[in-house]
Amino acid sequence: MPDATGLELVAQRVRAAVADAAVVGTTYEHEQAMLEIAPARVREVLTYLRDEDEEPYEFLASLHGVDYLPEEPRLGVHYQLLSRARVERLGVRTRVTVDDPVVPSVVDLFPTANHQEREVFDMFGVQFDGHPDPRRILMPEDYEGFPQRRDFPIGGEPVLFTFNEHKYPRWYD
Amino acid sequence: MEVVRSGRARPGEDPADFRQRQLSARQMLRGDIEGDDLERYVEERVMLTTLEKAQNWARRNACWPLGFGLACCAIEMITVIGSPRNDISRFGAEVVRASPRQADMIILSGRVSIKMAPIIRRIYDQMLEPKWVISMGACASSAGMFNNYALVAGADKFLPVDVYIPGCPPRPEALIYGIMKLQDKIAQDPSLGWRQRYGAEGTEEAPIQVA
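These protein sequence lines map, in sequence, to chains A and B.
All residue numbers for the first sequence refer to the working numbering, where the first residue is 379 and numbers rise by one.
All residue numbers for the second sequence refer to the working numbering, where the first residue is 12 and numbers rise by one.
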């Protein structure tokens, strides 16, 4: 696990190798190193971290989505990178807006991203540009909406307790 | 006359009475019993009932479930079916069928997601009449704690349920009690399909149009 200093060194190397604007910021919380990058540069940064960096992270352990409501940009995609040789983990994060939720797909870099990107699309509506099979994976094909977004209604049916009985008139029908 | 000595007296039965029974049975088979003796013989040995009752009795005591589990309640269901402690074969329901064509009963054991509901309905439609449904646990009955976007709140929204078993999950005793309740229902039920029972004519699945 790179410490705060090591994270800054990683960010410096990414800036030098890819582009200055590729790294948006770094956060180091709870001993977790997180590199925030621009969505347009996801493929370059992950390729660099996988192949060319002096401390490479060759394994994508997990890919998942986050909704940061009410922060903007709202949607986030996290890539948890793992170096199995050094037993080090590095989080890479990119943020996109709800209006333009497009992130380049990394399926050709990490085959494990295939189903996980489909799940992020299914739950958060992030579109992965270049994904070979961009369908829903958990919800039915004809489902509308992205249920894990925080402004999505929980759904289900109202549960009756004595305190909210009066709000659902003729519930016994 | 050659005396046939096969079988033996019941425990506590006088050997002379046994001999008498044996002789009267032989006379019956030879057609030697007549008149009042024949009447008494028939009354003692023949049980009369209606065909429907006999049919329901047979259905009740051979209610084969479909091998079908949905979620964690299925573990309890497997415990009921498979373990010697809760031997479901006492109720004639231990023959778990792998095909809906051969099953009489489907136990909805677990949460029913909206993606799974059409598949369950398809399986249910493939079962032959008469068929029964047990909704096992809070999830299959009302979505339980998973009252959210992904689940159907109650399996009775898309198929008729005969017995609901509360619990999360129900204990094996509860499932056995539900099966016994279903047996009571079968024993009393006229031999109608579920559409007649529930007044649901016209809900048959439309045939698939092949272009």
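Note that beta-carbon positions come from the ideal geometry of N, C-alpha and C, so glycine has one too.
>> Quick check on the DSSP output: what are the complete alpha helix (DSSP H) runs of length 4 or more inside the region 12-44 of chain B, in order along the chain?
In response: 26-41
> So, using beta-carbon positions, are residue 171 of chain B and residue 134 of chain B closer together than 8 Å?
Replying inline: Counting from 1 along the second sequence, the entry for residue 171 of chain B is found at position 160. Counting from 1 along the second sequence, the entry for residue 134 of chain B is found at position 123. Cβ distance not < 8 Å, so residue 171 of chain B and residue 134 of chain B don't count as in contact.
>> So, at 8 Å on beta carbons, what are the nonlocal neighbours of residue 519 of chain A in its own chain, with the 5 sequence-adjacent residues on each side left out?
In response: Walking along the first sequence from the start, residue 519 of chain A turns up at place 141. Result list for residue 519 of chain A: 513, in chain order.
>> Can you list, in chain order, the residues of its chain with a C-beta nearer than 7 Å to that of residue 121 of chain B? Leave out the 5 residues immediately preceding and following it.
In response: The residue labelled residue 121 of chain B in the question sits at position 110 within the second sequence. Closer than 7 Å at Cβ, skipping near neighbours: 80, 81, 82, 83, 84, 85, 148, 150, 151.
> Going along chain B in order, which residues have a C-beta closer than 9 Å to the C-beta of residue 532 of chain A?
Replying inline: Here residue 532 of chain A is taken as the residue at index 154 of the first sequence, counted from 1. Those within 9 Å of residue 532 of chain A in chain B are 158, 159, 160.
>> Using the three-state DSSP reduction, which class does residue 456 of chain A fall into: helix, strand or coil?
In response: Counting from one through the first sequence, the residue named residue 456 of chain A turns up at place 78. Reduced to three states, the DSSP call for residue 456 of chain A is strand.
> With which residues is residue 175 of chain B paired in a DSSP beta bridge?
Replying inline: Walking along the second sequence from the start, residue 175 of chain B turns up at place 164. Beta-bridge pairing links residue 175 of chain B to B/146.
> Which residues of chain A have a Cβ atom closer than 7 Å to the Cβ of residue 82 of chain B, listed in chain order?
Replying inline: Reading the second sequence from its first residue, position 71 is the one you call residue 82 of chain B. Those within 7 Å of residue 82 of chain B in chain A number zero; the least Cβ separation is about 15 Å.
>> Going by DSSP, what residue range makes up the alpha helix (DSSP H) through residue 502 of chain A?
In response: Here residue 502 of chain A refers to the residue found at position 124 of the first sequence. Per DSSP, residue 502 of chain A belongs to the alpha helix (DSSP H) from 491-502.
>> Cutting at 7 Å between CB atoms, please list the residues of its own chain near residue 132 of chain B, excluding the five before and the five after it.
In response: In the second sequence, residue 132 of chain B corresponds to position 121, counting from 1. Excluding positions up to five away in sequence, the list reads 169, 170.
> In the structure shown, what three-state DSSP assignment does residue 415 of chain A receive?
Replying inline: As a position in the first sequence, residue 415 of chain A is number 37, starting the count at 1. In this structure, residue 415 of chain A counts as strand in the three-state DSSP scheme.
> Leaving out the 5 sequence neighbours to the left and right, which residues in its chain are closer than 7 Å to residue 12 of chain B when beta-carbon positions are compared?
Replying inline: Taking the first residue of the second sequence as 1, we reach residue 12 of chain B at position 1. Here the model assigns residue 12 of chain B a pLDDT of 48, short of 50, so the residue's position is not dependable, and the following value carries that caveat. Closer than 7 Å at Cβ, skipping near neighbours: no residue.
> Mind pulling the chain B residues with CB within less than 7 Å of residue 510 of chain A?
Replying inline: If you number the first sequence from 1, residue 510 of chain A lands on position 132. Per Cβ cutoff of 7 Å: no residues; residue 510 of chain A is ~22 Å from chain B at best.
> Does the beta-carbon distance from residue 186 of chain B to residue 88 of chain B come in below 8 Å?
Replying inline: Along the second sequence, one-based indexing puts residue 186 of chain B at 175. Along the second sequence, one-based indexing puts residue 88 of chain B at 77. For residue 186 of chain B and residue 88 of chain B, yes; Cβs fall inside 8 Å.
> Any C-beta of chain A sitting closer than 8 Å to the C-beta of residue 125 of chain B?
Replying inline: The residue labelled residue 125 of chain B in the question sits at position 114 within the second sequence. Yes, its Cβ sits closer than 8 Å to a Cβ of chain A.
> Should residue 117 of chain B and residue 162 of chain B be called a contact, given that it needs their Cβ atoms to be closer than 8 Å?
Replying inline: On the second sequence, position 106 is the one that residue 117 of chain B refers to. On the second sequence, position 151 is the one that residue 162 of chain B refers to. For residue 117 of chain B and residue 162 of chain B, no; Cβs fall outside 8 Å.
> Since residue 469 of chain A and residue 454 of chain A are thought to touch, with beta carbons under 8 Å apart, how far apart are those beta carbons, to the nearest angstrom?
Replying inline: Along the first sequence, read from residue 1 onward, the residue named residue 469 of chain A stands at position 91. Along the first sequence, read from residue 1 onward, the residue named residue 454 of chain A stands at position 76. Contact flag wrong, Cβ pair sits at about 11 Å.
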